[in-house]
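**Student:** The structure is given below, and queries will be raised subsequently.
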Amino acid sequence: MEKFRPDFQMKNPVMFVTEIAFIISIFVVFFPSYFDAPSTGVYISFYIAVAILLFLTLLFSNLSTTLSEEQSKTISASLKKMKTETNATRVNDSVKETVPSDQLRSGDLVIVSAGEVIPGDGEVVSGSGYVNESNVTGESRPVRKIQGDSVTGSTTLQTDELVIRITANPGETYIDKMIEIVEAAVREKTPNEIALSTLLSGLTLIFLMVTASIFALSDFLGFTSNTDILIVLLIALIPTTIGGLMPAIGIAAVNKISQFNVISKSGRAVENAGDVDTIILDKTGTVTMGDREAIRFYPNSSVQEKDFIKYCALASLQDNTMEGMSIVKLAREKGVEVSDADLAGFEFLPFSADTRFSGVKGKDTYIYKGALSTMLKNHKLSDTFIVALCKEISLRGGTALPVVKDGKFVGVIELNDTLKPGIKQRLDLLKKMNIKTIMCTGDDEVTASYFSNLSGIDEYVANSTPVDKFNVVISEKAKQRMVAMVGDGTNDAPALAKADVGMAMNKGTAPAKDAANMIDLDSDPTKLMDVIFIGKQILITRGALTTFSIANDVSKYFVIIPAMFYFIPALGALNILGLENPLTAITSALIFNTIIIPLMVPMAIRGVRYRPSSIAELFRRNILIYGLGGIIVPFLAIKVIYVLLSILGVGW
Amino acid sequence: MSYDPFGISSLSGYGNSFWQVNRVASGVVIILIYLAIVIIFGVIISSFISKIYRDQDTWLTPISGRIVSFFEKIIGEGSERQMKFREYFLTLLFFNAAAGVISFIFIFYQRDFPFAFANNHMTVSLTFNTVSSFLTNTNLQHYSNPFDLSYLSQTFVITGLMFLSAGTGFAASMAFIRGILQDKGTIGNFYHDFLVSIFYLILPLTLLVTVILIISGIPETTLSYISVQPVFSSVTYRVPLGSVATLEAIKNIGTNGGGFYGANAAFPFENPNWFTNITEFTSFLLIPLGSIIALGRVFSNRRFMVMLVSVLMIFFVFTAFLTFYGEITGIPSLSTLGVIYNGNMVGKETAIGIAGSSIFSIGATITSTGASNAILAAYSPAGLLGNLVNLLINDPVGGIGTGVLNIFTSVIFTVFIASLMVGKLPELMSIKIGSKEIKYSTLSLITHPLLIIIPLGVTLMIPSIMASFTNPKPDAITELLYEFATSASNNGSEVGGFLTNQVYFNVLDGIIMILGRYVIMGFQLKIADLFSNKKPKVEIGKSIDTGSFYFGLMLLGVMLLVGLLSFFPILALGPILSWARAFEQSIWMVIR
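Going down the list, the sequences are from chains A and B.
For the first sequence, position 220 (counting from the first letter as 1) is numbered 220 according to my numbering, and the numbering increases by one without interruption.
For the second sequence, position 518 (counting from the first letter as 1) is numbered 1170 according to my numbering, and the numbering increases by one without interruption.
Take a look at the structure:
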């Protein structure tokens, strides 16, 4: 009910005018003589009908908004369910104390044991364990978290023990932010919505003045114009369809994104997503499956196969990546067992996107595995056999992982990687939409070109580091293009912040999530493309409804003006629908104007069906459907309503 | 009878040539010839204009460039000192305001200056109206007596303002295009742009047209007047003379439209024959159409230009034939009475005829010229409607310079909705259109109808004002609508039908003209300012194709729906009602 308050409606000039018109129409019902309006029985029932229809117009507009808001409430409620208040064990200078989770501050250290709920967003300081994140991501498989990984509050640690540094104050955790966004941020208008409201207000102002001028015109011509009919004309002319549905479309946008388990920090980011020109993709996990598996060991000449497999297994034992684990697994299948005991005296160097290698380092020995170019450079090596082998593996789409032990290549591990199913089709769609795709990969030139050719990527950056990714964003932005990217590491944060649409993976680090304007709870990078579709759909819905709304005016003029001046037979030529009873004709036009709003609600909330196709084709189709359709449909509909009313005997 | 398939032998005879018998067919051909000629000349001038728009040298640079830099040295300005929107627009306003004030003083006290007759006088309100009219490129003339203005006022003030308003308009379009092309945040130097407009474009063309008009017989003399005693009269009339050809040239080249004589181009000294008619028609369409055709080269986007010209030509052809239809059918009820009726020749010059008059008046209203070679008040309702349509959509081809500004406002509006429909954020010429651009484009689009509708509604409510309208009431609505539409669109063509020279209309029209000119121009230059701060995108694929058929269709739709259809109720009770009434005599009784 609060939505009927005029101060609330003020924000939406179209509906504000409708509301004022509604109030006046009520007065006309009770005091027709005050408005010099005829007060015979026929007219009174007409006035009542108008008042009811105007009320329905307001109601439908408000209902559509409420419907969208209900949706967001459901989403925020389910988000709130994720939030679990729990007790946390805080470590303060090795003094342990139990505090409620809402008293934790950023920087606090907490210990979480197996089976406990993680009390807040944070970063693993030490320990490792499997965390069940199903309440946030919907993914039932527990995720292994090790030192440096980020954890989300309210998820459950299933095994082992973790020491976590809390990174968010109470009320500032991601879930809190998401709830806040879903509940509130949507009401803030995006620049695009502001532009559209300006345009609609402008049109409303013109129509208001035109309608007012009819008072003067008819006064001059020597007859009294019926206030109620003028009200109907005004309401029919102002773009009530788009005006009434605009708030609903805006809310629906953020809701739709949320249903995809993506949280957008602003409505603007969703709109920008629709307009993306360039999208920067990671190879691993986006274009390819990413769970790279070791499939073969190739020892260098003069290296025993068993020895080589053992080196590989040692270098990978503490490597928690899928890659590392698959190497140890393959080694085990080949009959080579290694245990932590074998690694005594070794230090594990995890992979980082900057160093681009990982391995173990002992006192005076080391085993490293990493990209060929890095290895060649770091160790000033040249080995034609290894280089040729790597190239061959790359050419068939595999990833070659050369292993260096104490300054010599000892062999190459072949990892296989495959395209994600359906990725090619999705990239084809992007191409159709004129979106340029750039793939960034730490792999070498050959692998990168292999996969980009296979999947239809436009450009690739091989051997890339996070700095390269940032540079790609900057260079594309310099060309004034809208850039979208996905990132998860801290190193990605600057690029994410710079990109117009930066989507961080939920499993990513806190800085990445802070820098991004969208967070994907499922940590599925291909979702960026879904977000782009949704963004486009919202813009299309708005454009289509605006065009439809404005195009509708043609028919309304041709129905209402001749009906309004039915006593001037010369204007009968304008009555192209041949509606004989003027009051019924006017009522029919208003009925159409009213019911079109609820009829369009599903479209506003669901969005116009968007089939990715070339812009020219899309434009042609939409202008025919919503432009020409918007001119023709109301003519037909009003005629049908008129005939129905006549059959029902509503002749006023 | 000799073989003569084309009827050539009978062309010089009378009555039996196809073209003489079939006045409709010949009229259609004449109109098409006029349209073809302006397109040809528009294309010819466009490459020259595109060079000016891109600040490139032209073959006139050796002469005009020197003159421009000579003046720039005197005033100490130049293209090196680029202005931002604020300074540019304020300079433009100040420059125009100063000229306005000086002109006002000069005209008001014109009797105290040399070369004046004792009866050269204008009231305060008429002076205000006249000055704002010529300052804003409107040239609405609420005075008709050629003796209202002294020779000095006519030669210096009126002609001077004609150059000034044309130069200002073209300078604004230069700034607008610079805003799109450049991304430095500045839009040019007003003084430089103004001088370039005058010395590269307007003055040379004026001189050229003057020469052509003198050769074709239009007076250019220092004689003050000639005395004429018509054969049927015993009274001797004094017909003033002067530099008619020069005024005629700048009147048309600068899309001004205010004639030397009150009857404008209907007066034989201004427009004696078919050749001067077509020359004047071409000269007032030359720069507006040429500027739009030049956009193809300026933005290296031929398709966009072809789309724009096509949309404008649809308006041109439609309104031209609507008016021609209205005039050739005249009053249908007369034909039904069995009267041999060859169309509405009332108020038309026989040397020019119905087709020549119709296309001339449409050319004058589709640009902001407003010159007329026939009496518009005597046009049939349908004939007048054709002209009115053009005025209501703010002179589609536009005045000198303003045509480019106006069409871009509509294009921005269209691009916005069209882009949304394909799921893109709007961009024009690869520059992002933000909410502010939409705001100013909407503002400039609605200012025009508001400037017409509000005064119309208010005036209709004042019985004492409406008392001076002598025609039937629907006609009075048409006349009033026309009066405000011509002021708001800075056109200047006039139907009259009531006492225009009264304080109310002098002041009100003057204000409408000033708002219609500078407010809209301010909004449009503000858009240029916003564009001037944005870099164009390096396109991968096209966003919305502004050169496509469907975009053209949508632009047409926007101009019709937003521009024209908002006037539908007023049109229905004005010209459409008069028109319908012409078919049905019985209605006379109802409305009268």
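Ideal Cβ positions, reconstructed from N, Cα and C, are used throughout, including at glycine.
(1) Can you tell me whether M959 of chain B is buried or exposed, with buried defined as 16 or more other CB within 10 angstroms of its CB?
(2) Between the beta-carbon of I666 of chain A and the beta-carbon of K513 of chain A, is there less than 7 Å?
(3) What would DSSP say about D500 of chain A, mapped onto helix, strand or coil?
(4) Can at least three beta-carbon pairs, one atom from the segment 779-787 of chain B and one from the segment 801-814 of chain B, be found at a separation below 8 Å?
(5) If we cut at 7 Å on Cβ distances, does V1190 of chain B have a partner in chain A?
(6) Using DSSP with H/G/I as helix, E/B as strand and the rest coil, what is V1074 of chain B?
(7) Starting from the Cα of L67 of chain A, find the closest Cα among A:M600, A:L636, A:P634, A:K329 and give me that residue.
(8) Check for me: the beta strand (DSSP E) holding V891 of chain B runs from which residue to which?
(9) With contact counted as at least three CB pairs below 8 Å, one residue from each stretch, are the segment 1108-1125 of chain B and the segment 225-240 of chain A in contact?
(10) Can you list the residues of chain A that D1197 of chain B reaches, using a CB-CB cut of under 9 Å?
(11) Under a Cβ-count criterion, where at least 16 other Cβ atoms within 10 Å of its own Cβ denotes burial, should A1224 of chain B be classed as buried or exposed?
(12) Near L644 of chain A, which residues of its chain fall below 6 Å by C-beta distance, leaving aside the five closest residues on each side in sequence?
(13) Hey, N622 of chain A and V863 of chain B are a contact pair by Cβ (cut 8 Å); roughly how many whole angstroms apart?
(14) Report the three-state DSSP secondary structure of V559 of chain A (helix, strand or coil).
(15) Strictly below 7 Å CB to CB, what residues from chain B border E459 of chain A?
(16) Does the beta-carbon of V28 of chain A have 16 or more other beta-carbons within 10 angstroms, so that it is buried, or is it exposed?
(17) Anything in chain B within Cβ reach of R679 of chain A, meaning under 8 Å, just list it in chain order.
(18) What residue does the alpha helix (DSSP H) around D845 of chain B start on, and which one ends it?
(19) For my contact list, F936 of chain B and A1070 of chain B are in at a C-beta cut-off of 8 Å; report their separation, rounded to the angstrom.
(20) Considering only residues of the same chain and omitting the five flanking positions on each side of I939 of chain B, which have a CB-CB separation below 6 Å?
(21) Just reading off the alpha helix (DSSP H) that I719 of chain B is part of, what are its end residues?
(22) For F765 of chain B, which of helix, strand or coil comes out of DSSP?
(23) Just list the beta strand (DSSP E) runs in the segment 27-105 of chain A, keeping only unbroken ones of 3 residues or longer that don't cross its boundaries, in chain order.
(24) List the residues of chain A that Y1202 of chain B touches, going by C-beta distances under 7 Å, in chain order.
(25) Less than 7 Å between the beta carbons of I386 of chain A and L401 of chain A, yes or no?
(26) Under a CB-based cut-off of 7 Å, is L590 of chain A close to chain B?
(27) Scan the segment 254-278 of chain A for residues whose Cβ lies nearer than 9 Å to a Cβ of chain D and list them as they occur along the chain.
(28) Excluding the five sequence neighbours on either side, which residues of its own chain have a C-beta within less than 7 Å of the C-beta of S1024 of chain B, listed in chain order?
(29) Quick check on the burial criterion: 16 or more other C-beta atoms within 10 angstroms. Buried or exposed for G120 of chain A?
(30) Beta-carbon separation of I242 of chain A and S549 of chain A under 7 Å?
(31) If you drop the 5 nearest sequence neighbours on each side, which residues of the same chain put their C-beta closer than 7 Å to that of A1246 of chain B?
(32) Should T547 of chain A be flagged as near chain B, meaning a C-beta pair shorter than 7 Å?
(33) So L419 of chain A and T321 of chain A are supposed to be a Cβ contact under 8 Å. How far apart are they, rounded?
(34) In whole angstroms, what is the alpha-carbon distance linking V186 of chain A and S475 of chain A?
(35) Among B:S868, B:Y803, B:V887, B:L941, which residue has its Cα nearest to the Cα of F693 of chain B?
(36) What number of angstroms, rounded off, separates the C-alpha of E392 of chain A from the C-alpha of E1079 of chain B?
**Tutor:** Result, derived from the coordinates:
(1) Taking the first residue of the second sequence as 1, we reach residue 959 of chain B at position 307. Label assigned to M959 of chain B: buried.
(2) The first residue shown for chain A is 1 and the last is 652, placing residue 666 of chain A beyond what the model contains.
(3) Along the first sequence, one-based indexing puts residue 500 of chain A at 500. In this structure, D500 of chain A counts as coil in the three-state DSSP scheme.
(4) yes
(5) Your numbering for residue 1190 of chain B matches position 538 in the second sequence. By this cut-off, V1190 of chain B is an interface position.
(6) As a working note, residue 1074 of chain B is residue 422 in the second sequence. In the structure shown, V1074 of chain B sits in coil (DSSP, three-state: anything other than H, G, I, E or B).
(7) Against the first sequence, residue 67 of chain A aligns to sequence position 67. It is A:M600 whose Cα lies nearest to the Cα of L67 of chain A.
(8) As a position in the second sequence, residue 891 of chain B is number 239, starting the count at 1. Start and end: 889-892.
(9) no
(10) Here residue 1197 of chain B is taken as the residue at index 545 of the second sequence, counted from 1. The contacting residues are I615, A616, F619.
(11) Counting from 1 along the second sequence, the entry for residue 1224 of chain B is found at position 572. Under this definition A1224 of chain B is a buried residue.
(12) Stepping through the first sequence from its first residue, residue 644 of chain A is reached at position 644. None.
(13) For the purposes of this step, residue 622 of chain A is identified with residue 622 of the first sequence, where counting begins at 1. For the purposes of this step, residue 863 of chain B is identified with residue 211 of the second sequence, where counting begins at 1. No, N622 of chain A and V863 of chain B are not in contact; Cβ-Cβ is about 53 Å, not under 8 Å.
(14) As a position in the first sequence, residue 559 of chain A is number 559, starting the count at 1. It is helical.
(15) As a first step, residue 459 of chain A must be located in the first sequence, where it is residue number 459. Residues of chain B passing the Cβ test: none, with the nearest at roughly 11 Å.
(16) By 1-based counting over the first sequence, the position of residue 28 of chain A is 28. That one is buried.
(17) In the structure as shown, chain A begins at 1 and stops at 652. Residue 679 of chain A is therefore absent and cannot be evaluated.
(18) On the second sequence, position 193 is the one that residue 845 of chain B refers to. Taken as a continuous stretch (DSSP letters only), the alpha helix (DSSP H) holding D845 of chain B covers 842-848.
(19) Position 284 of the second sequence, counted from the first residue, corresponds to residue 936 of chain B. Position 418 of the second sequence, counted from the first residue, corresponds to residue 1070 of chain B. Not confirmed; about 32 Å, so no contact.
(20) Taking the second sequence and counting its residues from 1, the one referred to as residue 939 of chain B is at position 287. If we look at I939 of chain B and ignore the five residues flanking it on each side, its Cβ neighbours are I1052.
(21) Along the second sequence, one-based indexing puts residue 719 of chain B at 67. It spans 718-727 - the alpha helix (DSSP H) in which I719 of chain B sits, taken as one unbroken run.
(22) Against the second sequence, residue 765 of chain B aligns to sequence position 113. The answer is coil: DSSP assigns F765 of chain B none of H, G, I, E or B.
(23) 87-92, 95-100
(24) To locate residue 1202 of chain B, count along the second sequence from 1; it is residue 550. Those within 7 Å of Y1202 of chain B in chain A are F619, R620, I623.
(25) Reading the first sequence from its first residue, position 386 is the one you call residue 386 of chain A. Reading the first sequence from its first residue, position 401 is the one you call residue 401 of chain A. Cβ distance not < 7 Å, so I386 of chain A and L401 of chain A don't count as in contact.
(26) Locating residue 590 of chain A in the first sequence gives position 590, counting from the first residue. Chain B, which has no Cβ nearer than 7 Å to the Cβ of L590 of chain A, makes this no.
(27) The question asks about chain D, but that chain is absent: this structure's protein chains are A and B.
(28) Within the second sequence, the letter at position 372 stands for residue 1024 of chain B. So the qualifying residues of the chain are N916, A917, A918, S1013, A1016, S1145.
(29) Taking the first residue of the first sequence as 1, we reach residue 120 of chain A at position 120. The residue in question, G120 of chain A, is buried, as its Cβ has 16 or more Cβ neighbours within 10 Å.
(30) Along the first sequence, read from residue 1 onward, the residue named residue 242 of chain A stands at position 242. Along the first sequence, read from residue 1 onward, the residue named residue 549 of chain A stands at position 549. In contact: I242 of chain A and S549 of chain A (Cβ atoms closer than 7 Å).
(31) Nothing about residue 1246 of chain B can be reported from this structure: the residues present for chain B run from 653 to 1244 only.
(32) Locating residue 547 of chain A in the first sequence gives position 547, where the first residue counts as 1. Taking Cβ atoms only, chain B reaches closer than 7 Å to T547 of chain A, which makes this a yes.
(33) Locating residue 419 of chain A in the first sequence gives position 419, where the first residue counts as 1. Locating residue 321 of chain A in the first sequence gives position 321, where the first residue counts as 1. Their Cβ separation, rounded to whole angstroms, is 20 Å, which puts L419 of chain A and T321 of chain A out of contact at 8 Å.
(34) Position 186 of the first sequence, counted from the start, is the residue given in the question as residue 186 of chain A. Position 475 of the first sequence, counted from the start, is the residue given in the question as residue 475 of chain A. Bear in mind that the predicted position of V186 of chain A carries a pLDDT of just 47, short of 50, making it too unreliable to give a figure here.
(35) Numbered from its first residue, the second sequence carries residue 693 of chain B at position 41. Out of B:S868, B:Y803, B:V887, B:L941, B:L941 has the C-alpha closest to the C-alpha of F693 of chain B.
(36) Reading the first sequence from its first residue, position 392 is the one you call residue 392 of chain A. Reading the second sequence from its first residue, position 427 is the one you call residue 1079 of chain B. Distance between the alpha carbons of E392 of chain A and E1079 of chain B is about 47 Å.
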